[in-house]
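Visitor: Here the sequence shown is numbered in numbering that gives the first Met the number 0, starting from 0 and rising by one per residue. One structure coming up, written as structure tokens, with questions to follow.
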Amino acid sequence: MTIPTRIERLRDRMKAENIQMYIIPMKNTYLNSDLEEPDMRIKYVSGFDGSAGLIFITQNKISLFVDGRYTLQAKLQVDSNIYDINELNFQKSIEWIKINLEKNSRIGFDPKLHSIDEIENYTNKLENNLISFVSIDQNLVDLIRTDLTSIKSKDYVLSIIDKKNSGLSILEKLSYLRIKYLKKDNELIFTQDNDIVSWISNLRALSKEYTPSILGTCILTKNNCYVLIPHNQILPYKSNPQYSEIEFLDEDQFDYLLNSELNEINIVKIDKKNTSIYFKEKFIKKGYELISFNELEKEKSIKNETELKNIMSSHIYDGQAICKFIYWLKNASKKKPVDEIIIINKLEQYRSRSSTNYLGPSFPAIVGFRENGAIIHYRAKNQSCKKISGGGLILIDSGGQYKYGTTDITRTLLIGDSNKTYSRLYTIVLKAHIALARRVFDSNTTGSELDKSSREIIESYGYNYNHGTGHGVGYLLSVHEGPLAISPKESRSGFCENMVFSNEPGIYIEGELGIRIENLMVIRKDTSVDNTDKLYFEPISFAPFERNLIDKDILNKKEVDWINKYHEKVYKKLSIGLGIETKEWLSEETASI
Numbered sequence: 000m001t002i003p004t005r006i007e008r009l010r011d012r013m014k015a016e017n018i019q020m021y022i023i024p025m026k027n028t029y030l031n032s033d034l035e036e037p038d039m040r041i042k043y044v045s046g047f048d049g050s051a052g053l054i055f056i057t058q059n060k061i062s063l064f065v066d067g068r069y070t071l072q073a074k075l076q077v078d079s080n081i082y083d084i085n086e087l088n089f090q091k092s093i094e095w096i097k098i099n100l101e102k103n104s105r106i107g108f109d110p111k112l113h114s115i116d117e118i119e120n121y122t123n124k125l126e127n128n129l130i131s132f133v134s135i136d137q138n139l140v141d142l143i144r145t146d147l148t149s150i151k152s153k154d155y156v157l158s159i160i161d162k163k164n165s166g167l168s169i170l171e172k173l174s175y176l177r178i179k180y181l182k183k184d185n186e187l188i189f190t191q192d193n194d195i196v197s198w199i200s201n202l203r204a205l206s207k208e209y210t211p212s213i214l215g216t217c218i219l220t221k222n223n224c225y226v227l228i229p230h231n232q233i234l235p236y237k238s239n240p241q242y243s244e245i246e247f248l249d250e251d252q253f254d255y256l257l258n259s260e261l262n263e264i265n266i267v268k269i270d271k272k273n274t275s276i277y278f279k280e281k282f283i284k285k286g287y288e289l290i291s292f293n294e295l296e297k298e299k300s301i302k303n304e305t306e307l308k309n310i311m312s313s314h315i316y317d318g319q320a321i322c323k324f325i326y327w328l329k330n331a332s333k334k335k336p337v338d339e340i341i342i343i344n345k346l347e348q349y350r351s352r353s354s355t356n357y358l359g360p361s362f363p364a365i366v367g368f369r370e371n372g373a374i375i376h377y378r379a380k381n382q383s384c385k386k387i388s389g390g391g392l393i394l395i396d397s398g399g400q401y402k403y404g405t406t407d408i409t410r411t412l413l414i415g416d417s418n419k420t421y422s423r424l425y426t427i428v429l430k431a432h433i434a435l436a437r438r439v440f441d442s443n444t445t446g447s448e449l450d451k452s453s454r455e456i457i458e459s460y461g462y463n464y465n466h467g468t469g470h471g472v473g474y475l476l477s478v479h480e481g482p483l484a485i486s487p488k489e490s491r492s493g494f495c496e497n498m499v500f501s502n503e504p505g506i507y508i509e510g511e512l513g514i515r516i517e518n519l520m521v522i523r524k525d526t527s528v529d530n531t532d533k534l535y536f537e538p539i540s541f542a543p544f545e546r547n548l549i550d551k552d553i554l555n556k557k558e559v560d561w562i563n564k565y566h567e568k569v570y571k572k573l574s575i576g577l578g579i580e581t582k583e584w585l586s587e588e589t590a591s592i
């Protein structure tokens with residue numbers, strides 16, 4: 000079935016439901032973008048396979064909304080004769096609806112795929128237009144799909160992260176959360192955030208691709224903890240003493256639980272940003288009072304000392320793998336042409352050999368040579384894959400999941416000879432990276448203020464980048480972790496000690512090149528000053544910068560000193576695990592500039 004035919008059939012379904020518009024999000028039923036094939040509804044009706052997007056469809060118009068990371072990719076993958084491509088922005092989506100729908104129109108949506116916050120925000124903004132939102136139990140895209148029966152669900156065996164590697168036992172976590180957040184016998188905390196459920200239960204689905212969080216929901220009361228999981232997750236540890244504190248149930252038993260064990264509850268604490276309309280409807284039907292509650296995501300993001308120790312160890316293995324890989328690439332590109340896909344596979348080989356604790360990539364590696372590097376979340380495929388021949392810049396953004404840590408690092412490398420343009424642009428990005436890395440701040444500083452540290456430097460040279468400067472990173476969980484981000488859109492404060500963030504400014508020139516430099520950093524408290532509220536970043540990713548692209552004339556003394564101190568750490572931490580030739584190469588790469 001062609002994409003135009005799929006769209007036509009979807010519109011027929013819309014007519015049958017008497018709706019004038021339907022929303023297709025890039026989400027699964029747990030409201031995250033860690034999608035398996037049955038969840039890839041946007042890909043099914045458009046061809047776009049990025050990790051963030053939204054489709055609005057009416058009877059005569061259809062639009063794909065993507066953020067700046069995916070603008071170029073969407074143009075390449077989506078038929079512009081069918082789709083309009085717009086910026087993924089709440090206010091612009093509201094404007095689109097006002098322009099394309101008449102008053103009293105009905106907008107249909109799948110209640111399992113949209114958060115309470117999202118639908119409430121839409122409803123409030125469109126109240127004067129008399130536009131109503133209609134919850135439709137059956138997903139309209141699923142009803143037209145012919146491939147779902149042939150897609151087999153994957154089974155995942157769940158693994159325990161014991162106290163030795165989690166820092167806290169399940170009992171200790173539950174006791175802490177109950178004392179701090181559950182004061183009454185008649186209230187519960189509900190979450191369907193897979194990362195939070197994994198963190199509370201000390202469980203991971205280690206065989207799961209990219210993000211080893213378990214699929215499930217969690218209900219926590221003063222006396223009980225229930226984790227409801229789907230059929231395809233195998234839990235061989237129910238008899239383990241650690242799990243005497245948790246009752247595991249099939250997700251189909253949710254209604255039974257509400258009507259039996261939780262019959263005395265009448266207050267539910269939920270994160271409206273991460274709870275679907277589907278669950279809201281169930282709680283409202285039961286007569287529960289809903290209270291907005293979003294503390295668990297922040298609790299999870301503050302790493303304990305055991306987690307940090309393991310994260311640091313994972314980054315040493317990762318850094319050694321990156322160094323071996325860069326040394327290979329620099330030499331291989333001189334001998335015979337390799338392509339982007341070969342590079343991805345080789346990088347995976349080096350990581351898998353780096354440690355017996357390596358599980359797999361934390362996201363699909365981004366390897367873009369020359370103009371492909373300008374596609375911010377580019378994925379090399381047979382039809383687009385470039386051979387690495389002649390001169391140019393290659394952007395390599397990759398990460399790993401280790402048994403006890405998640406990594407994410409980007410280096411832009413020079414193939415062949417440099418030129419003034421390459422060096423100038425690279426050094427501007429490096430300056431922006433250093434500016435954030437050196438930033439001293441406090442817990443009242445917002446994410447947008449931190450973002451300015453890097454972005455204003457890029458802008459001062461006449462450039463910008465269509466993504467945030469940094470995102471949180473989980474502990475053997477999602478490589479993109481909330482609740483905070485270092486982004487122009489992040490108006491919230493609350494950054495605190497032991498959170499982990501990326502630092503990844505960039506410059507992208509369509510049709511020519513992309514440059515991005517990324518390290519992960521942990522937030523530390525500055526104990527050297529009287530005011531201990533001061534915070535700073537400590538890099539925990541280790542790999543040399545591309546010294547052949549560094550223009551010292553653009554850098555000031557403090558920036559040069561920072562690079563030299565960082566490179567000194569890189570050599571000290573990584574050299575022990577390297578062979579003689581790679582070690583000599585690293586010594587040259589990390590020498591003072």
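Beta carbons: idealized from backbone N, C-alpha and C, even for Gly.
Using three-state DSSP, classify Cys-217 as helix, strand or coil.
Guide: On the sequence shown, residue 217 is found 218 positions in, with the first residue counted as 1. Three-state result, Cys-217: strand.
Visitor: Helix, strand or coil, according to DSSP, for Glu-509 in the structure here?
Guide: The sequence position of residue 509 within the sequence shown is 510, counting from 1. Three-state result, Glu-509: coil.
Visitor: Cutting at 8 Å between CB atoms, please list the residues of its own chain near Ile-549, excluding the five before and the five after it.
Guide: Numbered from 1 along the sequence shown, position 550 holds the residue referred to as residue 549. So the qualifying residues of the chain are Ser-422, Tyr-425, Thr-426, Leu-429, Ile-562 and Ile-592.
Visitor: Suppose you measure from the CA of Met-520 to the CA of Leu-87; what does that come to, to the nearest Å?
Guide: Here residue 520 refers to the residue found at position 521 of the sequence shown. Here residue 87 refers to the residue found at position 88 of the sequence shown. Whole-angstrom Cα-Cα distance: 28 Å.
Visitor: Should Gln-241 and Ile-160 be called a contact, given that it needs their Cβ atoms to be closer than 8 Å?
Guide: One-based indexing of the sequence shown puts residue 241 at position 242. One-based indexing of the sequence shown puts residue 160 at position 161. No Cβ-Cβ contact shorter than 8 Å links Gln-241 with Ile-160.
Visitor: Would you please state the rounded distance, in angstroms, between the beta carbons of Lys-268 and Phe-292? I believe it to be under 8 Å.
Guide: Translated into the one-based positions of the sequence shown, residue 268 becomes position 269. Translated into the one-based positions of the sequence shown, residue 292 becomes position 293. Yes, they are in contact, since the Cβ atoms of Lys-268 and Phe-292 sit about 4 Å apart, within 8 Å.
Visitor: Counting Cβ pairs closer than 8 Å, one from the stretch 389 to 400 and one from the stretch 350 to 361, do we hit at least three?
Guide: yes
Visitor: Which runs of the alpha helix (DSSP H), 4 residues or longer, sit entirely within the stretch 442 to 503?
Guide: Qualifying alpha helix (DSSP H) stretches, in chain order: 446 to 459.
Visitor: Smallest Cα separation from Lys-329: which of Ile-414, Leu-346, Ala-373 and Ser-383?
Guide: Numbered from its first residue, the sequence shown carries residue 329 at position 330. Minimum Cα distance to Lys-329 is reached at Ile-414.
Visitor: Could you tell me the boundaries of the beta strand (DSSP E) in which Phe-368 lies?
Guide: On the sequence shown, residue 368 is found 369 positions in, with the first residue counted as 1. First-last of the beta strand (DSSP E) with Phe-368: 365 to 368.
Visitor: May I ask you to list the residues that DSSP assigns as paired with Ile-269?
Guide: Along the sequence shown, one-based indexing puts residue 269 at 270. According to DSSP, which records beta bridges pairwise, Ile-269 is partnered with Ser-291.
Visitor: Of the choices Lys-97, Glu-246, Lys-102 and Ser-452, whose alpha-carbon is the least far from that of Asn-463?
Guide: As a position in the sequence shown, residue 463 is number 464, starting the count at 1. In terms of CA proximity to Asn-463, Ser-452 leads the group Lys-97, Glu-246, Lys-102 and Ser-452.
Visitor: So the beta strand (DSSP E) Thr-411 belongs to, where does it begin and stop?
Guide: Here residue 411 corresponds to residue number 412 of the sequence shown, with the count starting at 1. Residues 408 to 414.
Visitor: May I have the straight-line CA-CA distance separating Lys-97 from Thr-220, to the nearest angstrom?
Guide: Numbered from 1 along the sequence shown, position 98 holds the residue referred to as residue 97. Numbered from 1 along the sequence shown, position 221 holds the residue referred to as residue 220. Lys-97 and Thr-220: Cα-Cα distance of roughly 43 Å.
Visitor: What ranges does the beta strand (DSSP E) occupy inside the stretch 107 to 147, keeping only unbroken runs of at least 3 residues that lie completely in it?
Guide: 131 to 134
Visitor: State buried or exposed for Met-498, treating a residue as buried only when at least 16 other CB atoms are found within 10 Å of its CB.
Guide: For the purposes of this step, residue 498 is taken as the residue at position 499 of the sequence shown. Buried, because 16 or more other Cβ atoms sit within 10 Å of the Cβ of Met-498.
Visitor: Hey, Asp-317 and Ser-353: beta-carbon distance below 8 Å or not?
Guide: For the purposes of this step, residue 317 is identified with residue 318 of the sequence shown, where counting begins at 1. For the purposes of this step, residue 353 is identified with residue 354 of the sequence shown, where counting begins at 1. Yes, the pair counts as a contact, with Cβ atoms nearer than the cut-off.
Visitor: If contacts are defined as beta-carbon pairs under 8 Å, then Ile-374 and His-466 qualify, I think. What distance do you get, rounded to the angstrom?
Guide: Counting from one through the sequence shown, the residue named residue 374 turns up at place 375. Counting from one through the sequence shown, the residue named residue 466 turns up at place 467. So it is not a contact: roughly 12 Å between Cβ atoms.
Visitor: For Arg-515, which of helix, strand or coil comes out of DSSP?
Guide: Here the question's residue 515 lines up with position 516 in the sequence shown. In the structure shown, Arg-515 falls within a strand segment according to DSSP collapsed to helix, strand and coil.
Visitor: Would you give the residue range spanned by the alpha helix (DSSP H) that Thr-581 belongs to?
Guide: Position 582 of the sequence shown, counted from the start, is the residue given in the question as residue 581. Residues 579 to 588.
Visitor: Quick check on Ala-15: buried or exposed, where buried means 16 or more other Cβ atoms within 10 Å of its Cβ?
Guide: Along the sequence shown, read from residue 1 onward, the residue named residue 15 stands at position 16. With fewer than 16 Cβ atoms within 10 Å of its Cβ, Ala-15 is classed as exposed.
Visitor: Under a Cβ-count criterion, where at least 16 other Cβ atoms within 10 Å of its own Cβ denotes burial, should Leu-187 be classed as buried or exposed?
Guide: Working through the sequence shown from its first residue, we reach residue 187 at position 188. Leu-187 comes out buried.
Visitor: Going by DSSP, what residues sit across from Met-520 in a beta bridge?
Guide: In the sequence shown, counting from the first residue as 1, residue 520 sits at position 521. Secondary-structure assignment with DSSP links Met-520 through a beta bridge to Phe-500 and Pro-538.
Visitor: For my contact list, Leu-512 and Lys-524 are in at a C-beta cut-off of 8 Å; report their separation, rounded to the angstrom.
Guide: In the sequence shown, the residue the question calls residue 512 occupies position 513. In the sequence shown, the residue the question calls residue 524 occupies position 525. The Cβ separation is near 39 Å, so there is no contact.
Visitor: Within its chain, find whatever has a CB closer than 6 Å to the CB of Val-156; leave out the 5 residues flanking it on each side and keep chain order.
Guide: Counting from 1 along the sequence shown, the entry for residue 156 is found at position 157. Taken in chain order, the residues that qualify are Ile-233.
Visitor: Starting from Tyr-357, trace the beta strand (DSSP E) both ways and give me its first and last residue.
Guide: Counting from one through the sequence shown, the residue named residue 357 turns up at place 358. Tyr-357 -> beta strand (DSSP E) spans 357 to 360.
Visitor: With Ala-431 and Pro-504 assumed to form a contact (beta carbons below 8 Å), what rounded beta-carbon distance in angstroms separates them?
Guide: Position 432 of the sequence shown, counted from the start, is the residue given in the question as residue 431. Position 505 of the sequence shown, counted from the start, is the residue given in the question as residue 504. The Cβ separation is near 4 Å, so the contact holds.
Visitor: By the 10 Å Cβ neighbour count, where 16 or more other Cβ atoms means buried, how is Val-439 classified, buried or exposed?
Guide: One-based indexing of the sequence shown puts residue 439 at position 440. Flag for Val-439 reads exposed.
Visitor: I need the boundaries of the beta strand (DSSP E) containing Cys-224, first residue and last residue.
Guide: As a working note, residue 224 is residue 225 in the sequence shown. Counting along the chain, the beta strand (DSSP E) containing Cys-224 begins and ends at 224 to 228.
Visitor: When you compare only the Cα positions, how much space is there between Asn-223 and Ser-259?
Guide: In the sequence shown, the residue the question calls residue 223 occupies position 224. In the sequence shown, the residue the question calls residue 259 occupies position 260. Using only the alpha carbons, I get a separation of about 13 Å.
Visitor: Give me the DSSP bridge partner(s) of Ile-395.
Guide: By one-based count along the sequence shown, residue 395 stands at place 396. Bridge partners of Ile-395 according to DSSP: Val-366 and Arg-410.
Visitor: So, at 7 Å on beta carbons, what are the nonlocal neighbours of Asn-309 in its own chain, with the 5 sequence-adjacent residues on each side left out?
Guide: Taking the sequence shown and counting its residues from 1, one reaches residue 309 at position 310. The answer, listed in chain order, is Asn-164, Tyr-403 and Gly-404.
Visitor: Please classify Asn-201 as buried or exposed, where buried requires at least 16 neighbouring CB atoms within 10 angstroms.
Guide: The sequence position of residue 201 within the sequence shown is 202, counting from 1. Looking at its Cβ environment, which holds 16 or more other Cβ atoms inside 10 Å, Asn-201 is buried.
Visitor: Tell me the rounded alpha-carbon separation between Ile-41 and Pro-24.
Guide: Translated into positions along the sequence shown, residue 41 becomes position 42. Translated into positions along the sequence shown, residue 24 becomes position 25. Roughly 7 Å between the two C-alpha positions.
Visitor: At what residues does the alpha helix (DSSP H) containing Val-559 begin and finish?
Guide: Walking along the sequence shown from the start, residue 559 turns up at place 560. Note, Val-559: alpha helix (DSSP H), 556 to 573.
Visitor: Please report the straight-line C-alpha distance between Glu-246 and Leu-577, rounded to a whole angstrom.
Guide: Reading the sequence shown from its first residue, position 247 is the one you call residue 246. Reading the sequence shown from its first residue, position 578 is the one you call residue 577. When rounded, the distance between both Cα atoms is 47 Å.
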